[in-house]
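Below you'll find the structure, written out as C-alpha cells, and then a few comments.
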DNA sequence: AGCATGCCTGACCGATCGGTCAGATGCCGA
DNA sequence: TCGGCATCTGACCGATCGGTCAGGCATGCT
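Residue numbers (the numbering used here), protein chains in the order written: chain X, 8 to 189; chain A, 8 to 189.
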C-alpha cells in the first residue's frame, strides 16, 4: 500500500506520538510504529533518517506553538490584553505540552534544559509575567507556572478527577492566589 | 570481592535508584548497575530475581513512608495537630517521591493507578484533608495536592530557581489559597 | 515503449538486552 | 582438615533492537 509522502510522514508522526506517550521513547520500537501505521519498519526509516528524527520533529511542534504564543503576547499593546491572551492560550498549551512530552522527563532528564528546549526557559518567563499581571511577587509568578504546568500530569495520577472538572477549579484558585493582597 | 548480603543488596538498590532516576528504567541495563556497584551482572541477579524485582523494591520504600505518615496523622487527636504533622511530613515526602519515581510516569503511564501504587489514591486523601484543614472546598484540597506534588518535577525544569527558595514561597502560597474566603 | 523516480518490502546485520548455568572462591562450623 | 553453604564470576543463550541493503512495483515523463 503506497500513500503520498506527506500523509505517510504525518501518519508516522501521529502514531509515534501516541506510542511514545503510552510506552515512552525507549519502550516504543520502530516495529510498533510501523504496525500502527500499517507499513514496514523500513518504510518508517524511509521517511525519517533515524528514530531520533521522529522524536525531534515530534517535540518541535509544541515548542513552535509556545513560541508563537509568546510572540502574540509580545505584539499586544496593553498589559491587560497580554494577560488575557496568556491566560487563554497558556493553560491549554502547557497542559498539552506536558502531556505529550511527559515521557521525556523520565527518560531524558535534563533534556529540557538543552536546545531546542532551552527556548522554553525564556519564553515562559514572559508568558508567566503576562499571566501573573506583572506581579512583583515572585511567588505568584512561580506559582502560576507550577500550577498550570502540573495540571495535566498530576490529574489522573493521584487525583481521581477528570481534567474537565479540575481545570476550572484550579484556574479559579490561581486567579485568587494572584490577586493583590488587600 | 565478596560483601555481606544485606549490604550488597542495599548497594544494588541505591545504584539502581540513581540510574533509574537518571536514565529511566529501560535506559538502565543490569550491566550499568553492576558496574556502579562493582560486581558482575550475574551477582546482581543473584540478589534479585528479576530486573523488575529491583524496581518493585525501590518503589515500595516511599510507599511505605507515605503510609506511615498517613498512620501518624490518623493517630493524632486534634485536626490542628493533624494539619501540622501533614504539612511537615507531606511536602518532603511528596517531593522525594515524585523525584525518585519521575521515570515511572514516562515509561509506565497508568502504573500508579495499579497496586501497590493504588494505595496512594486512598492515603493522600486523608493527608490532603489534614493538610487543607478539613476544607469543604474541593478546589482547595485538590490544589494542595497539585501544588505540592508538582514542586519537585517542575522546579528546575521550567523555572531556574533552586528548590530551597521555591518551597517556602510555594508553601506560603498554598496556605494563602487555603485560607477561608473573607 | 523505455526509462527514471518515488515509495516500499523482506531479508539481513551487528549490538545489546535480560536471564541462565556450571563452576570457582572464600568462609565457617563440625 | 574437611564438607557445606553463601557469594560471585565468565561464558553463553535467545530475543529484540535500530539500521542497512538490494530489489520490486507503480507512476509518470520522454
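A virtual CB, placed ideally from N, CA and C, is assigned to each residue, including glycine.
- Judged by pairs of C-beta atoms under 8 Å, the region 63–81 of chain A does not touch the region 36–51 of chain A, as fewer than three such pairs exist.
- For residue 62(A), the uninterrupted alpha helix (DSSP H) segment begins and ends at 58–82.
- In this chain, the alpha helix (DSSP H) harbouring residue 112(A) covers 109–114.
- Here DSSP, grouped into helix, strand and coil, assigns residue 27(X) to helix.
- For residue 65(A), no Cβ of chain X is located within less than 9 Å of the residue's own Cβ.
- Per DSSP, the continuous alpha helix (DSSP H) segment holding residue 50(X) begins and ends at 48–54.
- Residue 72(A) has a beta carbon lying at 9 Å or more from every beta carbon in chain X.
- Residue 11(A) carries a coil assignment under DSSP once its states are collapsed to helix, strand and coil.
- Under the 9 Å criterion on CB atoms, residue 38(X) is classed as non-interfacial with respect to chain A.
- Boundaries of the alpha helix (DSSP H) around residue 37(A): 37–44.
- Using beta-carbon distances, residue 113(A) counts as an interface residue toward chain X, with a partner under 9 Å.
- When the five nearest sequence neighbours on each side are left out, the beta carbons in the same chain lying within less than 8 Å of the beta carbon of residue 37(A) are those of 48, 51, 52 and 58, in order along the chain.
- In chain order, 44 place their CB closer than 7 Å to the CB of residue 18(A), counting only its own chain and leaving out the 5 sequence neighbours on each side.
- With respect to the 9 Å criterion, residue 113(X) and residue 24(A) are not classified as neighbours on the basis of their beta carbons.
- Chain A places a beta carbon closer than 9 Å to that of residue 110(X), counting this residue as a contact.
- Look at residue 33(X) here: in three-state DSSP terms it is coil, with no helix or strand label.
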